[in-house]
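Report on the following structure.
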Amino acid sequence: MTDAVIVAKDLRKHYGKQAVALDGVSFTVGRGRIVGLMGPNGAGKTTALKAILGLTPFEGHLDVLGRDPRRERDSLMQDVCFIADVAVLPKWLRVSDAIDYVAGVHPRFDRARADAVLARTEIRRRSKVGELSKGMITQLHLALIMAIDAKLLVLDEPTLGLDLLYRRAFYETLLNDYFDHERTILVTTHQVEEIENLLTDVLLINHGRIVLDAAIDDLPSRFVQLIANGESREAARRLGPIYEREVFGRTAFVFEGREAAELAALGEIRTPSVADLFVAKMAGSAS
Amino acid sequence: MNTKSFFTLVERETWEHRGLVWVPVITAALIVLAAIISSNVSGSIRLDVELDGESSAFFARLATDEVAQARLFSIWMGSIGLPVLVITIIVLFFYLLDALYAERKDRSILFWKSMPVSDSATVLSKLFTSMVAIPLWVWAVSLVMGLLTFLIIALKVSGTPIAPLGKFHLGAWLVLQVTLLQNLLLASLWYAPIAGWLLLVSVWAKRAPFLWAVLPPALVMLFEEIIFNTEHVAQFVGYRLTHYFESASMGFNVETGAGSQVIFDSIKNTYEGMSAASLLAEPHLYSGLVVAAIFVLLAIRLRRWRDDA
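Going down the list, the sequences are from chains A and B.
Counting from 1, one number per residue, gives the positions in the first sequence under the numbering used here.
Counting from 1001, one number per residue, gives the positions in the second sequence under the numbering used here.
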């Protein structure tokens, strides 16, 4: 795949003897995709991102934009941007200085663009980061990052701790003003429901292993959710659902690799949401 | 990393550590203020100008001897900036300890690392700030402060018996400024291993960088003293700390309190300028630079995988 932005093969990483963060992770991210990397706490998401960003050593093969992040981090960062967490802009940094700084060190920074994004917010140039609200800090960070013409943007829980309005605005700005089908975005979040509509691909990780790697468009052909009750539940169980749970007295089953047609007779059929799959896969890969 | 980017990094240091810029200015302002409010100018030059017979003779002779005047001018103009230097060195000590520690403590390291700035550029920009940028700033601030102080003193002494002190010697002044600039850069080279050590501790310590910087050498000295009853390490460290000032203060070997004749002669005959250039001939300067380079390289390597507080 010549258009691959990230090619990971058998990534392994453990902290100490016991804690395995990455246990043979392989995946490919194509250009122009918006990939959601999701998993419970401690699943290995952040370690995977850190590996991609050259922030942590690991074993295995990893190619990001044609470079090995372990050895070629300095040149890689010309083309990759990331927001690691809302709290990383230092308190003493003035808004105007933050812009000057990025303009000074980043050859692909477009100051006018950052100014335009900031002009839509209530952030004042003379303010220091320490004087801004958490939501404003994220807006500032996003304004800086969006003005950089990067090929890959990595977002690690970018909206953590923000209220719903800021979270919405964050993703809307990102999608409307930044994403252009040439760029690639890799995002991790706990708020699966909020971003599933903007994703093109989903990667689920648990216990350091990839448990689902799928394009959103392929989900309907791969997964079926069946809502059944009464007798048909036993019939459904015999078809090997990957997950089931009780919903208001009925049972929701998730099937992988079954035709919708063969299940339709047993109850209501629909395509499970990413959140449903997340729950199903996490339960399925537990222990 | 081009020059513009590098200067952005240095500028960034002054945003975070504003004391680097303001402490020298405030110290210099206090010296000027002291010159303004001092009723007795003599305090600034450490010469007894109670005009008894001895002193009168001294200033009478000084008034006619241009060479001695210029040397005395160099001595007091050269030493008046010393408080600015000493206080800035203290500020730099804490700056270097904080330089690679604060970014981990406030987790801003992940923001800095999201920019195309290598670990080498980051560490070197901090070293450059402490060894070149701030010394140049101290020099410039001291230069202005010296001129202001001179102006005030010249006004105050005019028409008094100590008026020879208020004469400006342009040639001596120019030589002095070049010497002071050179001395500041020599001080940077001499103290480079200490700067390197502080950066290394700063990048490595998970907490309490000050203790990590100071305690290990102090404990080694203590144990050496207790176990071997010797002081080699203490002497080694003490030599590194004080020898620069010994080198740079040859011009101050003015014997005081021994009568005006002796003072006058010592100003004139034992004055050798205040250049610390003799350091350039000392192998210790170069061995120190090698040690400094090792510390700095280690600091760069350690920052590569440092992303946790």
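Each residue gets a CB set at the ideal place from its N, CA and C atoms; glycine is no exception.
Status (buried if at least 16 other CB within 10 Å, exposed otherwise) for residue i
i, result
"Gln-1363(B)", "This structure gives no information on residue 1363(B), because the portion of chain B shown stretches from 1001 to 1309."
"Ser-1247(B)", "buried"
"Gln-18(A)", "exposed"
"Ala-1232(B)", "According to the sequence as given, residue 1232(B) is His; it is not Ala. Classification of His-1232(B): exposed, given that the 10 Å Cβ count is below 16."
"Asn-942(B)", "Given that chain B is displayed from residue 1001 to residue 1309, the structure contains no residue 942(B) and the question cannot be resolved."
"Arg-1071(B)", "buried"
"Phe-1168(B)", "exposed"
"Val-1123(B)", "buried"
"Lys-1126(B)", "buried"
"Leu-165(A)", "exposed"
"Leu-1009(B)", "buried"
"Val-105(A)", "buried"
"Glu-1103(B)", "buried"
Euclidean distance between Cα positions of residue i and residue j
i, j, result
"Arg-1303(B)", "Val-1178(B)", "37 Å"
"Pro-57(A)", "Val-25(A)", "14 Å"
"Leu-153(A)", "Gly-1146(B)", "53 Å"
"Leu-1047(B)", "Ala-1068(B)", "Note that Leu-1047(B) scores 42 on pLDDT, short of 50, meaning its location in the model is unreliable; the coordinates nonetheless yield the value given after this. For Leu-1047(B) and Ala-1068(B), the distance between alpha carbons rounds to 14 Å."
"Ile-210(A)", "Ala-280(A)", "14 Å"
"Ala-116(A)", "Leu-142(A)", "12 Å"
"Thr-173(A)", "Leu-199(A)", "15 Å"
"Val-1203(B)", "Trp-1305(B)", "11 Å"
"Val-1157(B)", "Tyr-1244(B)", "33 Å"
"Ala-48(A)", "Phe-179(A)", "23 Å"
"Ala-1063(B)", "Phe-1073(B)", "12 Å"
"Ser-75(A)", "Thr-46(A)", "22 Å"
"Gly-249(A)", "Val-29(A)", "40 Å"
"Phe-1059(B)", "Ala-1281(B)", "38 Å"
"Val-7(A)", "Arg-113(A)", "31 Å"
"Val-202(A)", "Val-35(A)", "6 Å"
"Gly-39(A)", "Asp-156(A)", "12 Å"
"Gly-44(A)", "Thr-184(A)", "21 Å"
"Ile-1227(B)", "Leu-1174(B)", "52 Å"
"Thr-121(A)", "Asn-197(A)", "25 Å"
"Met-146(A)", "Ala-1292(B)", "40 Å"
"Leu-132(A)", "Leu-160(A)", "16 Å"
"Ala-264(A)", "Ala-214(A)", "24 Å"
"Leu-1285(B)", "Phe-1264(B)", "34 Å"
"Leu-204(A)", "Thr-271(A)", "17 Å"
"Leu-266(A)", "Ile-137(A)", "51 Å"
"Phe-27(A)", "Arg-237(A)", "31 Å"
"Pro-241(A)", "Leu-277(A)", "12 Å"
"Pro-1171(B)", "Ser-1287(B)", "The identity of residue 1171(B) in the sequence shown is Gly, whereas the question assumes Pro. Straight-line Cα distance between these residues: approximately 36 Å."
"Ala-98(A)", "Ala-1277(B)", "41 Å"
"Thr-1027(B)", "Ala-1154(B)", "21 Å"
"Gly-1273(B)", "Glu-1016(B)", "38 Å"
"Pro-1209(B)", "Pro-1216(B)", "11 Å"
"Glu-262(A)", "Ala-235(A)", "11 Å"
"Leu-37(A)", "His-190(A)", "10 Å"
Partner residues on chain A for residue i, Cβ-Cβ distance less than 9 Å
i, result
"Leu-1009(B)", "Tyr-101, Gly-104, Val-105"
"Ser-1005(B)", "Gly-104, Val-105, His-106, Pro-107"
"Ile-1113(B)", "Checking the displayed sequence, the identity of residue 1113(B) turns out to be Lys instead of Ile. Correct list: Leu-53, Gly-54, Leu-55, Arg-73, Met-77, Phe-82, Ala-84."
8 Å Cβ cut-off: residues of chain B touching residue i
i, result
"Arg-94(A)", "Trp-1015"
Per-residue contacts from residue i into chain A (C-beta, under 8 Å)
i, result
"Asp-1065(B)", "Those within 8 Å of Asp-1065(B) in chain A number zero; the least Cβ separation is about 54 Å."
"Pro-1209(B)", "Going along chain A, no residue has its Cβ under 8 Å from Pro-1209(B), so there is no contact; the nearest lies around 17 Å."
Cross-chain neighbours of residue i in chain B, by beta carbon under 9 Å
i, result
"Lys-91(A)", "Asp-1106, Ser-1108"
Minimum Cβ-Cβ distance from residue i to chain E less than 7 Å
i, result
"Arg-1303(B)", "Going by chain labels, chain E is absent from the structure shown, which instead holds the protein chains A and B."
Amino acids of chain B, ordered along the chain, whose beta-carbon sits closer than 7 Å to that of residue i
i, result
"Val-187(A)", "Ordered by position in chain B, no residue passes the 7 Å Cβ test against Val-187(A), which lies about 15 Å from the chain."
"Asp-97(A)", "Trp-1015"
"Val-88(A)", "Arg-1107, Ser-1108, Leu-1110, Phe-1111"
Residues that residue i contacts on chain A, provided the C-beta gap is smaller than 7 Å
i, result
"Ser-1118(B)", "Asp-74"
"Arg-1012(B)", "Tyr-101"
**OP:** Examine the Cβ distances between the region 1170 to 1185 of chain B and the region 1207 to 1227 of chain B and report whether three or more of them are shorter than 8 Å.
**Re:** no
Subject >> Segments of 4+ residues assigned as alpha helix (DSSP H) that fall wholly inside the region 1130 to 1187 of chain B >> reply: 1134 to 1157
Subject >> Three-pair Cβ contact test at 8 Å for the region 1091 to 1105 of chain B versus the region 1191 to 1210 of chain B >> reply: yes
**OP:** At 3 residues or longer, and completely inside the region 122 to 193 of chain A: list those beta strand (DSSP E) runs for me, N to C.
**Re:** 152 to 156, 184 to 188
Original post:
Considering only residues of the region 229 to 274 of chain A, which uninterrupted alpha helix (DSSP H) runs meet the minimum length of 4 residues and lie entirely inside it, listed in chain order?
Top reply: Fully enclosed alpha helix (DSSP H) runs of no fewer than 4 residues occupy 232 to 238, 260 to 264 of the region 229 to 274 of chain A, in order along the chain.
Subject >> Unbroken stretches of the beta strand (DSSP E), 3 residues or longer, contained in the region 21 to 108 of chain A >> reply: 34 to 38, 59 to 64, 80 to 83
Original post:
Hey, is the region 239 to 258 of chain A in contact with the region 1075 to 1093 of chain B, meaning 3+ C-beta pairs nearer than 8 Å?
Top reply: Not touching, per the Cβ criterion.
Original post:
Can we say the region 55 to 73 of chain A touches the region 1012 to 1030 of chain B, given the rule of at least three CB pairs closer than 8 Å?
Top reply: With a cut-off of 8 Å, the region 1012 to 1030 of chain B and the region 55 to 73 of chain A do not count as touching, because too few Cβ pairs lie within range.
Original post:
Would you call the region 1133 to 1143 of chain B and the region 1105 to 1115 of chain B in contact, with 3 or more CB pairs under 8 Å?
Top reply: no
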